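Asks: Chain order of the listed sequences is A and B. Per the numbering used here: the first sequence = residues 68 to 719. Per the numbering used here: the second sequence = residues 552 to 735. Here it is, the structure in full.
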Amino acid sequence: MVDDDELSRLRKSIVPEPDAGAKARALRAAMAAYDENLSSAPQGAASRPRLIRRAYALWREIMQKKLIAAPAIAGLVALPVAGFTALYLVNQQPFDFGGEGAATEPLAGKPVAVESAATDAADTIRHEEPAQAARVPMAESAAGVSRNREAFTQKLMAEPSIAPMPAPADMPMPKSENRDRLEGFETNPIHAVAEDPVSTFSIDVDTASYSFVRRSLKEGVLPDADTVRVEEMINYFPYDWKGPDAAATPFNSTVTVMPTPWNERTRLMHVAIKGYAVPTATQPKANLVFLIDVSGSMDAPDKLPLLQSAFRMLVGKLKADDTVSIVTYAGEAGVVLEPTKASDKDRILRAIDTLVPGGSTAGEAGIREAYRLARSAFVKDGVNRVMLATDGDFNVGQSDDADLKRLIEKERKSGVFLSVLGFGRGNLNDRMMQAIAQNGNGTAAYIDTLAEAEKVLVEDASSTLFPIAKDVKIQVEFNPAKVSEYRLIGYETRGLAREDFNNDRVDAGEIGSGHSVTAIYEITPKGSGAERIDSLRYGEASVDNGGVANADEYAFVKIRYKLPDGDASRLIETPVTGENEVASLDAASADQRFSVAVAAFGQKLRDEDATATFGYDAILDLAGSARGADPFGYRAEFLSLVRLASALDGAR
Amino acid sequence: MMLEDSEASDGELIQRARGGDGQAFGRLVERHYAFVHRLAYRWCGRKADAEDIAQEVCIRLGRAIRGYRGGGAFTTWLYAVTLNAARDHARKGARETARMAAYGVHALVAGQAEDEPGDPVEALWEAVRQLPDRQREAVTLVYGEGASHALAAEALGVSEATVSWHIHEAKKRLKALMRQAGEV
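The following block contains the structure:
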């Protein structure tokens, strides 16, 4: 690490004196802006100030062109003609790095000027001449002053369509006030079955992404593509998949092949998993440790106060035998409440009410302390869980994501599970939340409203609190005789290597009591003509295994899981045959159609190719006809989000 | 009149500028031009760019001074305005820079860089300039300007804890950057 001493030398570096001419120009510009602001301030004078502003924009742009900046001119003159020809050629190149709109205006048509021209322009503007008039003198004096460089400059100027040169892709272009730390990821690519027939991933029952998207849309902003994890959006909704009959098999999977609403030549392979719902009466005792971030950054109405209300609701849901402890962290970690029976509700509620924000965030010490308390009140055969509530700032102690990950991996072995509840926005460390939850046998949820707190901690309490299986991995092998290409929708951050499937040491997601998990593949049936990848000229991987490939199977789905307290994994295998297929979308169940609509919406928000021609209105139709009973109004809310996105996203 | 202006405090000048006194505004900007230029230079490390940024800041001040309510110190606000302008400038300038760099004329055009390659402090600054924006801003304010974490937090519009975190991350990354530079 570079230490403070070294960094403090930064102050000693010599800053060159500002150029007197530059200073004078800047002061003149400041005065002009001030005067302009004055004249247009309260009265809102109609057209003239607008034109002046345009002239300003023009002028500023000129000033920012490095080519034209005064000292650069000297360098340019010295450039050999060959160099300039090269530059000219570069200008012609359609280098489009996919930048912002403003950058795609052609350079031509804007007058290219030199320093003195800009000064002239400043004068022009100070005299409040309309922009159109200002354009001409600028261009003229540009030509005049740079007479000896005329040939080159004019060539650059005269070219009618100099190619757009947007900012390169690595230029950070964040929304200005958003400091949420997110892990970027690429959309899963299309795979050719002949080359890569096996797809492996860990299940994901997190729901944080949906809440995040909802909050963003309700604030009138389309969510950043990196915040949209399609699988988390799909899994946010409760679905009525067929569950297992007995606790012995923790879950049941249903695979359905159906037409794709956004592409008539492909199909969707819909894998629906439903966890066994443990009846309330037989639910094991719970030992919960609330680890609450009370750092200064939590001092916002949608953070600590919301969190307090959320935990109050959860306490109301607990059985008398369950225990609760509270650890806070801010500056240093402290135990607010030693393990206390839920029957002593008043004491717990009083402890929650006393929390006040302040200080920085000693996340690591907090986590250690919480695990210690969880172990001290450990309930054998029960639920032992740390519930971490934070806005994601961990900056004292082991702040490195990797170190924290190792700490949590170690603690996981003690049998204590971890859930992460994210609060607030603008500072949220989504990446950290994901890392913690994924490595701590836990789930991550993002809580933005009291209603969401109610869903996560009360409605879904049993699935949030009681795991029925852990390290659940899915591996699908596609049959090249039936399927030529496939693509997994979502789960980008949950991909596993093919060999990890059989490696019990590799951690994966957990499933709670009554949880439903859905994964959807878009598959291209062989011979459908919808292939995106050309077949190989020099042969393909051969499929010669005694005729199995000829069976009427689309794919073979394998699911591996461990019981919550087990170390050895178990395997469930299901072939996907023609019997799993439904001929039309209408023949699929309402829940299946709804989950497909959510998948389409997620992909739409990520601006993916697959759904480029599938409009928001089509998503609305699909979801609207599949609303079902919707007792909590989640699906109605989804419909309103689609409408919001549609209105915000006029261009797509 | 001039004498009077040069003795007036920032607060008085701001009050008068908000009331429409152009001279007071001019005096205010002149007084702080060097401050803005210094910060801009530390941020970008090139004289011409620093001058462009400083000018842009002056223009923004001209537009915004009447709406300035003076919640904190004027210099804190200046930090924020300058860093915003610097960031915008970097974004706009990126296309030219990328093009120039690609064709090796970068050295000629950007040759006004004042840094002497042998100077370890300049090398450290160059590393700071390679940090992600937020970290670069935090380090520039805290170490370049000697601002406290609280002041930097106010200027950057984030919590103090976030500034501390950025500094922490920056130190880690700087170490890696300096090691890299040492190997070359």
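Just so it is clear, CB atoms sit at the ideal spot from N, CA and C, and this is done for glycine as well. Here the structure is a predicted model, which means the values were calculated and not measured.
(1) Taking its Cβ as the centre, do 16 or more other Cβ atoms sit within 10 Å of residue 570 of chain A, making it buried, or is it exposed?
(2) Please state the DSSP three-state secondary structure of residue 626 of chain A.
(3) I think residue 101 of chain A touches residue 618 of chain B, with their Cβ atoms under 8 angstroms apart; what is that distance to the nearest whole Å?
(4) Specify whether the segment 578 to 587 of chain A and the segment 333 to 350 of chain A touch according to this definition: at least 3 beta carbon pairs, one from each stretch, less than 8 angstroms apart.
(5) Can you tell me whether residue 48 of chain A is buried or exposed, with buried defined as 16 or more other CB within 10 angstroms of its CB?
(6) DSSP puts residue 616 of chain B in a beta bridge; with which residues?
(7) The alpha helix (DSSP H) with residue 602 of chain A in it runs from where to where?
(8) Would you say residue 610 of chain B and residue 714 of chain A are within 8 angstroms of each other, going by their C-beta atoms?
(9) Which residues share a DSSP beta bridge with residue 330 of chain A?
(10) Taking contact to mean at least 3 C-beta pairs separated by less than 8 angstroms, is the segment 555 to 563 of chain A in contact with the segment 366 to 373 of chain A?
(11) Specify the secondary structure class of residue 423 of chain A as computed by DSSP and reduced to three states.
(12) Just curious, the beta strand (DSSP E) that residue 579 of chain A is in, first and last residue?
(13) If you measure between the beta carbons of residue 670 of chain A and residue 590 of chain A, is that distance less than 8 angstroms?
(14) Going by other Cβ atoms of all chains shown within 10 Å of its Cβ, with 16 needed for buried, is residue 317 of chain A buried or exposed?
(15) What residue from B:597, B:681, B:587 has the CA that sits closest to residue 635 of chain B's CA?
(16) Can you find the residues in the same chain that come closer than 6 angstroms, C-beta to C-beta, to residue 645 of chain A, ignoring five residues on each side of it along the sequence?
(17) For the 8 angstroms Cβ check, are there 3 or more pairs between the segment 542 to 557 of chain A and the segment 526 to 533 of chain A?
(18) Could you spell out the range, first to last residue, of the alpha helix (DSSP H) harbouring residue 279 of chain A?
(19) Cβ-heavy atom distance between residue 394 of chain A and the ligand GTP below 7 angstroms?
(20) Between the C-alpha atoms of residue 295 of chain A and residue 673 of chain A, what's the straight-line distance to the nearest angstrom?
(21) Tell me, please, whether the CB atom of residue 606 of chain B is closer than 8 angstroms to any CB atom in chain A?
(22) Quick one: which residues of the segment 572 to 592 of chain B get their C-beta closer than 8 angstroms to a C-beta of chain A? List them in chain order.
(23) Please list the partners that residue 737 of chain B has in chain A, where partner means a Cβ-to-Cβ separation under 7 angstroms.
(24) In the DSSP assignment, what residue or residues form a beta bridge with residue 401 of chain A?
(25) If residue 550 of chain A and residue 622 of chain A are in contact, beta carbons under 8 angstroms, what's the gap, nearest whole angstrom?
(26) Does residue 74 of chain A have its Cβ less than 8 angstroms from a Cβ in chain B?
(27) Apart from the five residues on each side of it in sequence, which residues of its chain come closer than 7 angstroms, Cβ to Cβ, to residue 277 of chain A?
(28) Within the chosen definition, does the segment 476 to 489 of chain A reach the segment 251 to 261 of chain A through at least 3 CB pairs nearer than 8 angstroms?
(29) By Cβ distance, which residues of its chain are closer than 7 angstroms to residue 476 of chain A, with the 5 residues on each side in sequence left out?
(30) Find the residues of chain A that neighbour residue 609 of chain B, judging by a C-beta separation of less than 8 angstroms, and give them in chain order.
(31) Going by CA-CA distance only, name the one from A:504, A:632, A:605 that's closest to residue 275 of chain A.
(32) With a threshold of 8 angstroms between beta-carbons, can residue 692 of chain B be considered close to chain A, or not?
(33) Below 7 angstroms on C-beta distance, what does residue 472 of chain A contact in chain B?
(34) Relative to chain B, which residues along the segment 436 to 458 of chain A have a C-beta separation below 8 angstroms, given in chain order?
(35) In three-state DSSP terms, what is residue 588 of chain B?
(36) Using a Cβ-Cβ cut-off of 8 angstroms, state whether residue 614 of chain B counts as contacting chain A.
Replies: According to the structure shown:
(1) Counting of Cβ neighbours within 10 angstroms places residue 570 of chain A among the exposed residues, the total staying below 16.
(2) Looking at residue 626 of chain A - three-state DSSP - the assignment turns out to be strand.
(3) Rounded, the Cβ-Cβ distance is 12 angstroms, inconsistent with contact.
(4) Two segments are said to touch when three or more pairs of C-beta atoms, one from each, lie closer than 8 angstroms; by this definition the segment 578 to 587 of chain A touches the segment 333 to 350 of chain A.
(5) Summary: the structure shown does not reach residue 48 of chain A, with chain A confined to residues 68 through 719, and so no result is reported for it.
(6) Paired residues: none, contrary to the question.
(7) Boundaries cannot be given for residue 602 of chain A, as no alpha helix (DSSP H) includes it and DSSP labels it neither H nor E.
(8) No, the pair does not count as a contact, with Cβ atoms beyond the cut-off.
(9) Per DSSP, the beta-bridge partners of residue 330 of chain A are A:327.
(10) Judged by Cβ distances under 8 angstroms, the segment 555 to 563 of chain A makes no contact with the segment 366 to 373 of chain A, as fewer than three pairs qualify.
(11) In the three-state DSSP reduction, residue 423 of chain A falls in the coil class, being neither helix nor strand.
(12) Boundaries of the beta strand (DSSP E) around residue 579 of chain A: 576 to 579.
(13) Between residue 670 of chain A and residue 590 of chain A, the C-beta gap is not smaller than 8 angstroms, which leaves the two residues out of contact.
(14) It counts as buried.
(15) Distances from the CA of residue 635 of chain B to each of B:597, B:681, B:587 were compared; the closest alpha carbon is that of B:587.
(16) So the qualifying residues of the chain are 619.
(17) Not touching, per the Cβ criterion.
(18) Where residue 279 of chain A is concerned, the enclosing alpha helix (DSSP H) stretches over 275 to 285.
(19) As presented, the structure is devoid of all ligands, the ligand GTP included, so that no description of it is given.
(20) Rounded to the nearest whole angstrom, the C-alpha separation of residue 295 of chain A and residue 673 of chain A is 7 angstroms.
(21) Taking Cβ atoms only, chain A reaches closer than 8 angstroms to residue 606 of chain B, which makes this a yes.
(22) The residues in question are 573, 576, 577, 580, 581, 584, 585, 588, 589, 592.
(23) Residue numbering for chain B in the displayed model covers 552 to 735; residue 737 of chain B lies beyond these limits and cannot be assessed.
(24) Looking at the DSSP output, residue 401 of chain A shares a beta bridge with A:395.
(25) Residue 622 of chain A and residue 550 of chain A do touch by the CB rule: their CB atoms are close to 7 angstroms apart, below 8 angstroms.
(26) At least one chain B Cβ lies under 8 angstroms of residue 74 of chain A.
(27) These residues qualify, in order along the chain: 299, 300, 303.
(28) A contact between stretches requires three or more CB pairs, one per stretch, nearer than 8 angstroms, and the segment 476 to 489 of chain A fails this requirement with the segment 251 to 261 of chain A.
(29) These residues qualify, in order along the chain: 506.
(30) Near residue 609 of chain B (Cβ distances below 8 angstroms), the residues of chain A are 93, 94, 96, 97, 100.
(31) The candidate whose alpha carbon is nearest that of residue 275 of chain A is A:504.
(32) It does not; no Cβ of chain A falls within 8 angstroms.
(33) Identification of chain B residues near residue 472 of chain A by a Cβ-Cβ cut-off of 7 angstroms yields none; the smallest Cβ-Cβ distance measures about 16 angstroms.
(34) Result list empty, no residue passes.
(35) The DSSP-derived three-state label of residue 588 of chain B is helix.
(36) Output row for residue 614 of chain B: interface = yes.
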